[in-house]
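Below is one structure; the comments refer to it alone.
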Amino acid sequence: MSLEGKVVIVTGSSRGIGKAMAMGLAAEGAHVVVAARSEESRPMLPGTIHSTVGEIEDAGGKALAVPTNVREEDSIRHMVDRTLDEYGAVDVLINNAAIGSYTPFLEMTVKEWDLVMSI
């Protein structure tokens, strides 16, 4: 199956597994929408939607950075609208977004666990 020209949204693609998927999909010819909350790099969480798009474009791929919070309906609608405005379609959606805690699992509060599970 060819990914050439397919439009793929990858949530949580500013770093980690999501970024690796976005890079790989772009290398196979997909137009990748890099969707995540990270517009600015942080010391413990390096990488942003813009740096991922930059790496994809530097490698000859096509990508669009869309700031997205998957916990907010308006943000999701904006992600879809921007994708449709730019590419006219969505062929694949990869829901990779996640959140973790630096608290050891057995010490997590219910509130921390609920946040992890809400994504």
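Start counting the sequence shown at 227; every next residue gets the next number (the numbering used here).
Glycine is no exception: its CB is placed at the ideal position from the N, C-alpha and C atoms.
Treat the numbers as computed from the prediction; the structure is a model and nothing was measured.
Where residue i falls: helix, strand or coil (DSSP)
i: Ala285; result: coil
i: Ile345; result: coil
i: Val259; result: strand
i: Val296; result: coil
i: Ala291; result: strand
i: Val279; result: helix
i: Leu251; result: helix
i: Val316; result: coil
Inter-residue CB distance, residue i and residue j (contact presumed, cutoff 8 Å)
i: Thr237; j: Ala262; result: 7 Å
i: Thr274; j: Ser240; result: 5 Å
i: Asn234; j: Ile345; result: Here residue 234 is Val; the residue named in the question, Asn, does not match the sequence. The Cβ separation is near 20 Å, so there is no contact.
9 Å Cβ cutoff met for residue i and residue j
i: Val259; j: Tyr313; result: yes
i: Ala285; j: Met227; result: no
i: Val342; j: Ala324; result: yes
i: Lys232; j: Val318; result: yes
i: Glu254; j: Leu229; result: yes
i: Val279; j: Ala289; result: yes
i: Ile282; j: Ala246; result: no
*Any chance the segment 306-313 sits against the segment 323-340, with 3 or more Cβ pairs inside 8 Å?*
no
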